[in-house]
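Numbered by UniProt numbering, the letters in the sequence shown go through residues 1 to 719 in order. All C-beta atoms in this analysis are idealised placements derived from N, C-alpha and C, irrespective of residue type, glycine included.
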Amino acid sequence: MATPAVVVERASKYYGKKGGNDYKPVLQNLDMTVERGTIYGLLGASGCGKTTLLSCIVGRRHLDSGNIWVLGGKPGEKGSGVPGPRVGYMPQDIALVAEFTIRDALYYFGRIYGMSNSLLAERYDFLCSLLELPGGDSFIKQLSGGQQRRVSLAAALVHEPELLILDEPTVGLDPMLREKIWDYLTELAAKGTTVIITTHYIDETKQAHKIGLLRDGQLLAQDSPTDILRRFDCDTLEDAFLKMALIQNENSRTNRRRSTLTSSPDVIPETSIVNDSRFQSTEDFNVVTSSRDILTKQENGLELKSKRNGRLKAVFIKSIQQFSRHPGGLIFSILFPMLQVMAFYSAVGRDPKGLHVAVVNDEAATIPMGNELCKTSNLTWVAMNEEQICEYHMLSCWFVDEMEKRGIIVEYYNSTEEAKMAVAARTTYGAVYFPTNFSSALALRIADGYVEDNIVEESTIAVWLDMTDHQISNFLKRSVMKTYETFTKRAMSACGINEDLVQLPVRMKPPIYGSLEPEMVSYMAPGVMITIIYFLPAIVTSTLMISDRLDGVWERSAVAGVQPKEMLQVHITLQSAVIVLQTLEMMVLAFVGYDLPFKGSIVTCGILLFLQGLGGMCYGFLLSVLCSSFTVAFFVATGSFYPMILLCGILWPLEGMPWALKQVALMLPFTLPSRSLRDLMERGSGITDYNVYIGFLISIGWIVLILTLCFLRLKYKKS
Ligand SMILES: Nc1ncnc2c1ncn2[C@@H]1O[C@H](COP(=O)(O)OP(=O)(O)OP(=O)(O)O)[C@@H](O)[C@H]1O
1 MATPAVVVER
11 ASKYYGKKGG
21 NDYKPVLQNL
31 DMTVERGTIY
41 GLLGASGCGK
51 TTLLSCIVGR
61 RHLDSGNIWV
71 LGGKPGEKGS
81 GVPGPRVGYM
91 PQDIALVAEF
101 TIRDALYYFG
111 RIYGMSNSLL
121 AERYDFLCSL
131 LELPGGDSFI
141 KQLSGGQQRR
151 VSLAAALVHE
161 PELLILDEPT
171 VGLDPMLREK
181 IWDYLTELAA
191 KGTTVIITTH
201 YIDETKQAHK
211 IGLLRDGQLL
221 AQDSPTDILR
231 RFDCDTLEDA
241 FLKMALIQNE
251 NSRTNRRRST
261 LTSSPDVIPE
271 TSIVNDSRFQ
281 STEDFNVVTS
291 SRDILTKQEN
301 GLELKSKRNG
311 RLKAVFIKSI
321 QQFSRHPGGL
331 IFSILFPMLQ
341 VMAFYSAVGR
351 DPKGLHVAVV
361 NDEAATIPMG
371 NELCKTSNLT
381 WVAMNEEQIC
391 EYHMLSCWFV
401 DEMEKRGIIV
411 EYYNSTEEAK
421 MAVAARTTYG
431 AVYFPTNFSS
441 ALALRIADGY
451 VEDNIVEEST
461 IAVWLDMTDH
471 QISNFLKRSV
481 MKTYETFTKR
491 AMSACGINED
501 LVQLPVRMKP
511 PIYGSLEPEM
521 VSYMAPGVMI
531 TIIYFLPAIV
541 TSTLMISDRL
551 DGVWERSAVA
561 GVQPKEMLQV
571 HITLQSAVIV
581 LQTLEMMVLA
591 FVGYDLPFKG
601 SIVTCGILLF
611 LQGLGGMCYG
621 FLLSVLCSSF
631 TVAFFVATGS
641 FYPMILLCGI
651 LWPLEGMPWA
661 LKQVALMLPF
671 TLPSRSLRDL
681 MERGSGITDY
691 NVYIGFLISI
701 GWIVLILTLC
711 FLRLKYKKS
């Protein structure tokens with residue numbers, strides 16, 4: 001009896017949730033045996049379950065019931081070598097990194113399997129000539145579909161495995177090349193390699209030692225092509241399969257009729273299956289497999305370690321190639337933080353310039369020169385008369401002058417109606433009115449506290465603003481008040497009067513922290529840095545993970561033996577290096593380039609930013625685990641980032657929020673870390689200060705929470 005390489009026993013597999021509409025059987029009590037050193041052609045209509053069966057054989061999917069033995073062990077069992085180097089797997093999709101060259105693709109898998117560079121070079125030359133591959137420096141993404149498929153086949157063949165599992169390797173290839181591939185597979189089989197191959201070209205399976213027709217989750221036949229032709233008395237395999245399908249349909253109808261009468265489950269009766277499985281039980285299988293197949297006994301710790309290092313090296317080189325050859329990724333990771341920070345510092349926090357304000361100066365209108373008067377400074381004067389009373393003349397001009405010094409562009413109008421219409425038409429942002437007797441009324445008001453109401457009115461400057469633009473109207477309000485301050489100082493000191501007399505009786509003393517003129521940019525900068533350093537790794541990580549998963553690279557690497565933790569280890573190492581770079585970039589730009597205040601420890605600041613970057617990376621993992629596609633990940637990322645930014649306090653103080661919302665905001669990943677960074681920067685606080693270490697605790701807490709969610713999700717998904 002020939003030794004079996006693969007035995008599938010009473011395998012059943014369902015997709016969907018039990019009881020749900022999508023619950024459907026794909027494999028039903030399926031038995032299959034593939035002897036060593038043979039080619040097994042697996043045929044069946046599209047969607048009949050071929051790929052599902054193959055992925056169970058390579059240990060990437062699990063049966064709901066039944067058993068599978070591959071090369072003497074159970075797929076996925078420790079030491080079985082499956083998934084791993086004993087199998088060469090070519091999935092239906094190309095499943096190669098688009099940024100790879102042909103050489104990179106073959107070397108990637110070769111390194112995973114622990115092959116030496118010289119052996120790899122030899123195999124590379126051989127496979128390129130066998131499969132007629134173009135020059136080695138062509139990128140996978142630039143190849144035609146057929147060429148990509150051949151590279152994918154080469155990657156499965158590179159290490160000359162004991163078992164080859166090929167899912168439609170010849171699709172789209174010209175007949176000559178298909179013939180060449182079959183000849184090579186026959187050669188391999190003669191040397192002891194076992195091949196399981198699916199194809200839609202029934203005719204080409206004539207060269208297989210055994211073929212199996214999968215239909216409705218079961219194998220209708222499992223025999224050599226000649227035996228099948230003889231048994232069904234047909235000239236072609238297609239005719240034979242047609243006959244088998246008709247028999248199965250008939251049996252199925254009979255069975256349904258019976259099941260209606262007996263209420264038995266609607267399955268194809270086992271007796272109707274033409275099956276030559278010779279190894280139907282675990283015991284039989286054990287008899288024919290030798291213990292030397294199990295790798296566990298052969299492998300010692302050192303060997304395992306060197307194999308692990310080989311896999312890590314392969315994944316590391318792959319990630320570097322993927323990253324460095326993707327201009328978008330490079331720009332996004334390295335230049336984007338710089339551009340974002342520069343855009344922020346250049347755009348935010350500076351005073352608005354060139355704001356037009358309408359001025360109606362009735363004081364100047366009383367004299368023939370009108371508004372031109374203000375340009376002739378000697379007509380504006382202040383003097384002390386004999387009664388020691390200060391006299392003012394055309395002081396409105398000084399006020400206008402102070403406004404212009406603050407960068408406001410003054411436009412004269414003849415009446416307040418016209419000026420207000422200019423504001424309404426958005427020609428100007430505000431209107432300022434000086435009454436006819438402004439200067440004399442102001443003199444009286446200052447000299448004598450007990451003046452008539454009309455004098456108070458005459459000495460008051462009226463201002464109308466367009467308040468729809470919050471920032472500009474606030475800025476103009478502040479400007480007018482500052483103008484008043486400098487104007488009165490100028491007017492009072494000209495007369496030798498104590499200038500504070502006409503100021504508000506409130507004096508701002510030197511601040512405890514910060515400056516008397518707080519800058520918006522230094523207030524917002526910590527929050528902006530925290531959000532950028534979180535956002536970038538989150539997007540990069542989720543994109544890379546989802547693309548590796550959707551392209552099948554993750555799956556294929558796993559079948560080659562790369563463990564998920566090894567993939568993660570490499571990603572975390574590389575991404576951490578990028579985060580360190582981004583942290584340094586941001587700090588240099590902020591503290592050296594834009595001279596932001598920094599009073600605390602630069603190392604603590606760097607660690608906090610780095611922790612936030614790690615938090616972002618973990619969030620990227622979560623997105624990739626939760627989201628089935630880029631689009632969903634994009635929606636979730638956008639939908640979650642906006643609230644986190646809006647609520648973190650850089651746009652509006654938390655003190656203005658309802659109590660419950662404030663508690664939520666305080667727990668979010670940006671809020672307290674932003675505050676901690678601000679305290680480090682502006683107050684010089686240290687890690688032992690509550691306001692600083694709470695930010696660290698929140699960052700670490702989120703990392704732990706997100707990793708736990710990822711772990712639970714993966715565990716739940718697997719089960
Ligand atoms: N992850 C999944 N979840 C739900 N249903 C699935 C899943 N994967 C495959 N199926 C369904 O299971 C059935 C078998 O799919 P499978 O890919 O194994 O077929 P196949 O024989 O390889 O098809 P083809 O020849 O077209 O590649 C199909 O109906 C498919 O829609």
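Please determine whether the Cβ atom of Thr-51 lies at a distance below 8 angstroms from any heavy atom of ligand 1. Position 51 of the sequence shown, counting from 1, holds the residue named residue 51. Yes, ligand 1 has a heavy atom inside 8 angstroms of this Cβ.
Flag this pair as touching only if the stretch 49 to 62 and the stretch 151 to 168 have three or more C-beta atom pairs under 8 angstroms; answer yes or no. yes
Take the Cβ of Thr-583 as the centre, count every other Cβ of all protein chains shown within 10 Å, and call the residue buried at 16 or more, exposed below. Stepping through the sequence shown from its first residue, residue 583 is reached at position 583. Answer is buried; the Cβ neighbour count reaches 16.
Under three-state DSSP, which class holds Ser-80? Against the sequence shown, residue 80 aligns to sequence position 80. Here Ser-80 sits in coil by DSSP.
Straight-line gap, Asp-183 to Glu-122 (C-alpha atoms, nearest Å): In the sequence shown, the residue the question calls residue 183 occupies position 183. In the sequence shown, the residue the question calls residue 122 occupies position 122. Roughly 20 angstroms between the two C-alpha positions.
Separation of Thr-427 from Val-664, as counted between CA atoms: Here the question's residue 664 lines up with position 664 in the sequence shown. Here the question's residue 427 lines up with position 427 in the sequence shown. So the two alpha carbons sit approximately 43 angstroms from each other.
Glu-168: beta carbon under 8 angstroms from a heavy atom of ligand 1? In the sequence shown, residue 168 corresponds to position 168, counting from 1. True, at least one ligand heavy atom lies under 8 angstroms from that Cβ.
Would you check if there are 3 or more beta carbon pairs closer than 8 angstroms linking the stretch 93 to 102 to the stretch 318 to 326? yes
Compute the minimum distance between the beta carbon of Ala-558 and the heavy atoms of ligand 1, and state whether it is under 8 angstroms. By one-based count along the sequence shown, residue 558 stands at place 558. No.
Among Leu-677, Ser-699, Arg-60, Gln-142, the one whose alpha carbon lies nearest that of Pro-526: Here the question's residue 526 lines up with position 526 in the sequence shown. Here the closest residue by C-alpha is Leu-677.
State the Cα-Cα distance for the pair Ile-294 and Gly-73, rounded to the nearest angstrom. Here residue 294 refers to the residue found at position 294 when the sequence shown is read from its first residue. Here residue 73 refers to the residue found at position 73 when the sequence shown is read from its first residue. Any reading at Ile-294 must be qualified, since the residue scores a pLDDT of 43, below 50, and its modelled position is unreliable; no value is offered.
Please identify the residue among Met-244, Val-26, Met-90 whose C-alpha is closest to the C-alpha of Ala-558. Here residue 558 refers to the residue found at position 558 when the sequence shown is read from its first residue. Out of Met-244, Val-26, Met-90, Met-90 has the C-alpha closest to the C-alpha of Ala-558.
Segment limits, beta strand (DSSP E) that includes Ile-211: In the sequence shown, counting from the first residue as 1, residue 211 sits at position 211. Segment 210 to 215, the beta strand (DSSP E) holding Ile-211.
Under 8 angstroms: do the stretch 381 to 394 and the stretch 466 to 479 share three or more Cβ pairs, one atom per stretch? no
Suppose the cutoff is 6 angstroms on Cβ atoms and the five residues either side in sequence are ignored; what does the same chain contact list for Met-529 look like? Position 529 of the sequence shown, counted from the start, is the residue given in the question as residue 529. Closer than 6 angstroms at Cβ, skipping near neighbours: Met-586.
Can you find the residues in the same chain that come closer than 6 angstroms, C-beta to C-beta, to residue 796, ignoring five residues on each side of it along the sequence? Residue 796 lies beyond the stretch modelled for the chain, which goes from 1 to 719, so this question has no answer here.
Name the two residues that bound the continuous alpha helix (DSSP H) containing Ala-577. Within the sequence shown, numbered from 1, the residue matching residue 577 stands at position 577. That run of the alpha helix (DSSP H) goes 564 to 587.
N- and C-terminal bounds of the beta strand (DSSP E) containing Asp-174: Locating residue 174 in the sequence shown gives position 174, counting from the first residue. It is not in any beta strand (DSSP E) - Asp-174 carries neither H nor E in the DSSP assignment.
Closer than 8 angstroms to a non-hydrogen atom of ligand 1 - does that hold for the CB of His-200? Within the sequence shown, numbered from 1, the residue matching residue 200 stands at position 200. It does: the Cβ of His-200 is within 8 angstroms (strictly closer) of some heavy atom of ligand 1.
I want to know whether the stretch 227 to 247 touches the stretch 198 to 214 - three or more CB-CB distances under 8 angstroms. yes
Tell me the residue span of the beta strand (DSSP E) that contains Asp-167. Within the sequence shown, residue 167 is the residue found at index 167, counting from 1. Taken as a continuous stretch (DSSP letters only), the beta strand (DSSP E) holding Asp-167 covers 163 to 167.
Among Lys-482, Asp-453, Arg-308, Met-338, the one whose alpha carbon lies nearest that of Arg-406: Your numbering for residue 406 matches position 406 in the sequence shown. The residue with the shortest Cα to Cα distance from Arg-406 is Lys-482.
Consult DSSP for Arg-10 and reduce its assignment to one of helix, strand or coil. Within the sequence shown, the letter at position 10 stands for residue 10. Arg-10 falls in the strand class under three-state DSSP.
Is any heavy atom in ligand 1 found nearer than 8 angstroms to the beta carbon of Tyr-89? As a first step, residue 89 must be located in the sequence shown, where it is residue number 89. Tyr-89 Cβ: outside cutoff for every heavy atom of ligand 1.
So, does the stretch 350 to 362 touch the stretch 415 to 435, judging by three or more C-beta pairs under 8 angstroms? yes
Return the chain-ordered list of same chain residues with a C-beta closer than 6 angstroms to the C-beta of Asp-93, the five sequence neighbours on each side being excluded. Residue numbering aside, residue 93 sits at position 93 when the sequence shown is read from its first letter. Counting only Cβ-Cβ distances below 6 angstroms, and skipping sequence neighbours, we find Gly-552.
Ile-408, DSSP secondary structure in three states: For the purposes of this step, residue 408 is identified with residue 408 of the sequence shown, where counting begins at 1. Ile-408 falls in the coil class under three-state DSSP.
Given Lys-17, which residues of its chain have a CB within under 8 angstroms of its CB, disregarding the five upstream and five downstream residues? Counted from its first residue, the sequence shown places residue 17 at position 17. These residues qualify, in order along the chain: Tyr-23.
Considering only residues of the stretch 648 to 714, which uninterrupted alpha helix (DSSP H) runs meet the minimum length of 4 residues and lie entirely inside it, listed in chain order? 659 to 667, 671 to 678
For Ile-39 and His-159, believed in contact at Cβ under 8 angstroms, the rounded distance: Numbered from its first residue, the sequence shown carries residue 159 at position 159. Numbered from its first residue, the sequence shown carries residue 39 at position 39. The pair is not a contact, with the Cβ atoms about 19 angstroms apart (cut-off 8 angstroms).
Can Ser-624 and Thr-541 be called in contact, C-beta distance under 9 angstroms? Position 624 of the sequence shown, counted from the start, is the residue given in the question as residue 624. Position 541 of the sequence shown, counted from the start, is the residue given in the question as residue 541. Contact: yes.
Check whether the Cβ atoms of Gly-561 and Gly-88 sit closer than 9 angstroms, and answer yes or no. The sequence position of residue 561 within the sequence shown is 561, counting from 1. The sequence position of residue 88 within the sequence shown is 88, counting from 1. No, the pair does not count as a contact, with Cβ atoms beyond the cut-off.
Based on the DSSP secondary-structure assignment, which residues constitute the bridge partners of Arg-88? In the sequence shown, the residue the question calls residue 88 occupies position 88. It should be noted that the sequence gives Gly, not Arg, for residue 88. Leu-164.
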